[in-house]
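Chemist:
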Amino acid sequence: METSSIHKGKTKVLQFKAENSNPITVDGETLEDVESFTYMGSIIDEQGGSNADVKSRIAKARTAFLQLKNIWDPKQLSTNIIIRIFNTNVKAVPLYGVETCTTTTTIIKNVQVLINSCLRKILNIRWPDTISNSLL
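Using our numbering, the first residue of the sequence shown is number 1083, and each one after it goes up by one.
#1: Looking at the unbroken alpha helix (DSSP H) that takes in residue 1145, where does it start and where does it end?
#2: Count the CB pairs spanning the region 1124-1138 and the region 1155-1170 that are closer than 8 Å, and state whether there are at least three.
#3: How would you call residue 1139, buried or exposed, if buried means at least 16 neighbouring beta carbons within 10 angstroms?
#4: Would you check if the distance between the CB atom of residue 1146 and the CB atom of residue 1175 is smaller than 8 Å?
#5: Could you check what DSSP says for residue 1099 in three-state terms: helix, strand or coil?
#6: For residue 1128 versus residue 1098, is the C-beta distance shorter than 8 Å?
#7: Give the DSSP-derived three-state secondary structure of residue 1230 in the structure shown.
#8: DSSP three-state label for residue 1111, please.
#9: Check this for me: beta carbons of residue 1154 and residue 1094, under 8 Å apart or not?
#10: With DSSP run on the structure shown, which of helix, strand or coil describes residue 1173?
#11: How is residue 1125 classed by DSSP in three states: helix, strand or coil?
#12: Can you find a CB in chain B that lies within less than 8 Å of the CB of residue 1165?
#13: Check the C-beta distance from residue 1196 over to residue 1143 and give it rounded, since I have them as a contact under 8 Å.
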């Protein structure tokens, strides 16, 4: 018969929306209480919010966009192909797992700002030129 044991040095506790904040002990040792942790690629915090997770995903999407900067040149590829590459390699990053997030208007706005900013760079729409977000 297999038994599992708790490794007290590796085990941490996140009290999710807990009113009782008494420390949790195992064999007389108090387990470390943390404010957030990463589980399966998503950041989980004490409040159950998604802000930290979305900020992390937006940063990862920006990194992916910058890593592909050589592809965004319209002289090498058609705009249609470039947009398809953007959708699969950049836009998908902040949207991955979004169905499990508590979405707020601020989160939606932050993701949309990232997408619009990237599209403006891809389409060479510079600051003095004005174009509505809906046309992007």
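Idealized CB from N, CA, C, for every residue including glycine.
Modeler: From the atom records:
#1: 1133-1149
#2: no
#3: buried
#4: yes
#5: coil
#6: yes
#7: Given that the chain is displayed from residue 1083 to residue 1218, the structure contains no residue 1230 and the question cannot be resolved.
#8: strand
#9: no
#10: helix
#11: strand
#12: Considering every chain present, this structure includes no chain B. It has just one protein chain.
#13: That pair is a contact at about 6 Å.
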